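Only one structure is covered here, and it is reproduced in the block below.
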Amino acid sequence: MENVIFTVIILSSLFLVLILMSTFRALMNFHRKKVKKEENDTTQVGFVVDTFHELVAKLKEKERELEGLKTRAEDRASSIEIYNEDILQSVPSGVISFDKGLIITKMNSSAGKILDLTEDEVIGKDYDSVLSGPVADVIGERKTVERAEVAYVTGDGKRIWLGLNMSPLKDSANNIIGQILVFTDLTELKAFQSQMELRERLSNLGEMSAGIAHELRNPLGVISGYTKMLMKKAGPGSLAAVEAIAKEVEVMDRIIKDFLSFAKPTEPAFSEVDLNELIDGCLGGIPGGEEGIKVIRKTDGLSKVRGDEVLLRQALTNLVQNAIESMPDGGELRISGSGGDPLSVAVSDTGHGIPESIRDKIYMPFFTTKERGTGLGLSIVHKIVVSHGGSLDVESGEQGTTFTINLPKS
Numbered sequence: 005m006e007n008v009i010f011t012v013i014i015l016s017s018l019f020l021v022l023i024l025m026s027t028f029r030a031l032m033n034f035h036r037k038k039v040k041k042e043e044n045d046t047t048q049v050g051f052v053v054d055t056f057h058e059l060v061a062k063l064k065e066k067e068r069e070l071e072g073l074k075t076r077a078e079d080r081a082s083s084i085e086i087y088n089e090d091i092l093q094s095v096p097s098g099v100i101s102f103d104k105g106l107i108i109t110k111m112n113s114s115a116g117k118i119l120d121l122t123e124d125e126v127i128g129k130d131y132d133s134v135l136s137g138p139v140a141d142v143i144g145e146r147k148t149v150e151r152a153e154v155a156y157v158t159g160d161g162k163r164i165w166l167g168l169n170m171s172p173l174k175d176s177a178n179n180i181i182g183q184i185l186v187f188t189d190l191t192e193l194k195a196f197q198s199q200m201e202l203r204e205r206l207s208n209l210g211e212m213s214a215g216i217a218h219e220l221r222n223p224l225g226v227i228s229g230y231t232k233m234l235m236k237k238a239g240p241g242s243l244a245a246v247e248a249i250a251k252e253v254e255v256m257d258r259i260i261k262d263f264l265s266f267a268k269p270t271e272p273a274f275s276e277v278d279l280n281e282l283i284d285g286c287l288g289g290i291p292g293g294e295e296g297i298k299v300i301r302k303t304d305g306l307s308k309v310r311g312d313e314v315l316l317r318q319a320l321t322n323l324v325q326n327a328i329e330s331m332p333d334g335g336e337l338r339i340s341g342s343g344g345d346p347l348s349v350a351v352s353d354t355g356h357g358i359p360e361s362i363r364d365k366i367y368m369p370f371f372t373t374k375e376r377g378t379g380l381g382l383s384i385v386h387k388i389v390v391s392h393g394g395s396l397d398v399e400s401g402e403q404g405t406t407f408t409i410n411l412p413k414s
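For the sequence shown, my numbering gives the first residue as 5, with consecutive numbering after it.
Right, here's the structure in full:
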């Protein structure tokens, strides 16, 4: 019995050992599998992490490249914008742009100089609050204008001529985003054309009229001779009538002299002329009885010029006399000079001025607003100045008139 029990105990112990060993092997296998799995999982996680870091590094590199491209694109765009702005500000033509509501969005420096405006005065303003006259009319119509010439008066009252173009302003997609006005100052060109046309007309008229003046002078001389005879024989009752005839003959003779002076070809005898001495002579000839006329002279900058002293004296004297006659109630006679190139001598008065409606006619022969004027004084002045290669300018308004003789320095 004890043997059996011992045997059973031994077998039970062996079975227990076998179970323990089997369990241990199972646990060991499970542990090895778990460790291996964990190692595999760790390897996979490391791969994912490494790949992620590599992608992040590449993304950062691409980001830096994109940032560099963006910076270069912005610099290029800024450079192009500055270049376009430089071109816009450098062109001699005036350029003004408007949005769809005709609000001014841009104006270059040339436009400001021509129209006597500043950017602060125009940017963001409605077109008709800044511009006026025919220019505003052209803008308001919103029509394409390829070429137009219009007269315009600036804010300070200066009258100028403009040649302008008007067209739609489009973006890169060809959509209309506003209007653009481009214009040039034609004032000097118009003045030159006017001077040339006037010179040609006066030349033709002078040649045609010279013979007529001579023919008139012959019978006038006869009338003057008979008038002098009548004055010797006329009684007290008719003497006043004869004297009136004699005065009218003198007036007619002066007209013919002026006309002959205008009609004959002007060939200046050039020499060196001191303009200051010339002005002294002209002012010295002002009658002492011209009461209320204050003479102001600023001619220190004048120098000598090549010209005909007699003709230049005649031209300047006519201008001075016209200035005095325009101030019957007194005023200021101003003579100023500039020694630049061209040399200029300006004669100004504070008289009634010249109406704009007749300003284009003042150099035409026989056109006068004076009761007993011949209408040849300014025609002769103009002819003399042109024969010296110069020009004669006029500015007139409510404050008076200024005639400026411009002569080449050499």
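The C-beta atom is built at its ideal place from N, Cα and C for all residues, glycine as well. All figures in this text were calculated on a predicted structure; none of them were measured in a lab.
Span of the alpha helix (DSSP H) around residue i
i, result
"Ala-327", "313-329"
"Lys-302", "That residue, Lys-302, is in no alpha helix (DSSP H); its beta strand (DSSP E) goes 297-302."
"Asp-132", "131-134"
"Ser-361", "First-last for Ser-361: undefined, no H or E at that position."
"Glu-123", "123-126"
"Asp-141", "137-145"
First and last residue of the uninterrupted beta strand (DSSP E) at residue i
i, result
"Gly-98", "98-103"
"Glu-399", "395-401"
"Gly-335", "335-342"
"Glu-276", "275-278"
Member of the options whose CA lies at the smallest distance from the CA of residue i
i, options, result
"Thr-188", "Ile-300, Met-200, Val-154, Glu-402", "Val-154"
"Gln-318", "Leu-282, Arg-310, Lys-298, Arg-338", "Leu-282"
"Thr-406", "His-356, Lys-365, Ile-388", "His-356"
"Asn-326", "Ser-348, Lys-302, Ile-366, Gly-343", "Ile-366"
"Asp-120", "Arg-146, Pro-240, Pro-138, Tyr-156", "Tyr-156"
"Val-389", "Val-314, Glu-336, Lys-147", "Val-314"
"Gly-401", "Ile-358, Ala-195, Gly-128, Ala-245", "Ile-358"
"Thr-2", "Ile-384, Ser-242, Cys-286, Glu-271", "Nothing about residue 2 can be read from this structure; the chain reaches only from 5 to 414."
"Leu-396", "Val-246, Gly-311, Gly-128, Ser-348", "Ser-348"
"Asp-103", "Asp-130, Leu-411, Asn-178, Thr-231", "Asp-130"
"Gly-116", "Gly-229, Val-253, Leu-106, Val-134", "Val-134"
"Val-253", "Pro-240, Thr-231, Val-277", "Thr-231"
"Gly-344", "Lys-62, Gly-72, Glu-276, Asn-410", "Asn-410"
"Ser-114", "Ile-107, Pro-96, Leu-323, Asp-141", "Pro-96"
"Gln-403", "Ile-100, His-386, Gly-341, Glu-336", "Glu-336"
"Glu-271", "Gln-93, Met-111, Asp-141, His-392", "His-392"
"Ser-228", "Gly-241, Val-255, Ser-242, Gly-239", "Val-255"
"Arg-310", "Glu-276, Gly-341, Ser-176, Asp-304", "Glu-276"
"Arg-363", "Leu-173, Arg-338, Arg-163, Ile-100", "Arg-163"
"Gly-341", "Lys-308, Thr-354, Ile-328, Glu-145", "Lys-308"
"Thr-109", "Phe-274, Lys-237, Leu-173", "Leu-173"
"Asp-124", "Ile-118, Met-111, Ser-136", "Met-111"
"Ile-339", "Lys-74, Gly-296, Asn-280, Met-235", "Asn-280"
"Glu-360", "Lys-387, Leu-323, Val-351, Val-398", "Val-398"
"Leu-168", "Thr-158, Ser-176, Ile-181, Val-142", "Val-142"
"Arg-296", "Lys-413, Asp-353, Lys-62", "The amino acid occupying residue 296 in the given sequence is Gly; Arg does not appear at that position. Of the candidates Lys-413, Asp-353, Lys-62, the one whose C-alpha sits nearest the C-alpha of Gly-296 is Asp-353."
"Ile-300", "Pro-346, Ala-350, Ala-273, Val-126", "Ala-350"
"Thr-158", "Gly-144, Arg-146, Ala-140", "Ala-140"
"Gly-416", "Ile-259, Ser-101, Asp-312, Val-324", "Because the chain spans 5 through 414 in this model, residue 416 falls outside it and cannot be assessed."
"Val-99", "Ala-177, Ser-171, Ser-176", "Ser-171"
"Ile-384", "Ile-328, Leu-316, Lys-413", "Leu-316"
"Phe-274", "Glu-192, Asp-312, Leu-306", "Asp-312"
Per DSSP, cross-strand counterpart(s) of residue i
i, result
"Asn-410", "Ser-348, Ser-395"
"Ala-152", "Leu-168"
"Met-111", "Ile-100"
"Thr-188", "Gly-167"
"Arg-310", "Glu-276"
"Thr-405", "Ser-400"
Residue i: CB within 7 Å of a non-hydrogen atom of the ligand ATP
i, result
"Leu-315", "The ligand ATP is absent from the structure shown, which contains no ligands of any kind."
- Enumerate, from N- to C-terminal direction, the unbroken alpha helix (DSSP H) stretches of 4 or more residues contained entirely within the segment 155-186. none
- Task: Taking 8 Å as the threshold, find out whether the segment 332-339 comes into contact with the segment 379-394 through three or more Cβ pairs.
- Result: no
- Three CB pairs or more closer than 8 Å across the segment 176-192 and the segment 219-235: no
- Query: How do the segment 60-76 and the segment 140-155 stand: do at least 3 beta-carbon pairs fall below 8 Å, yes or no?
  - Reply: no
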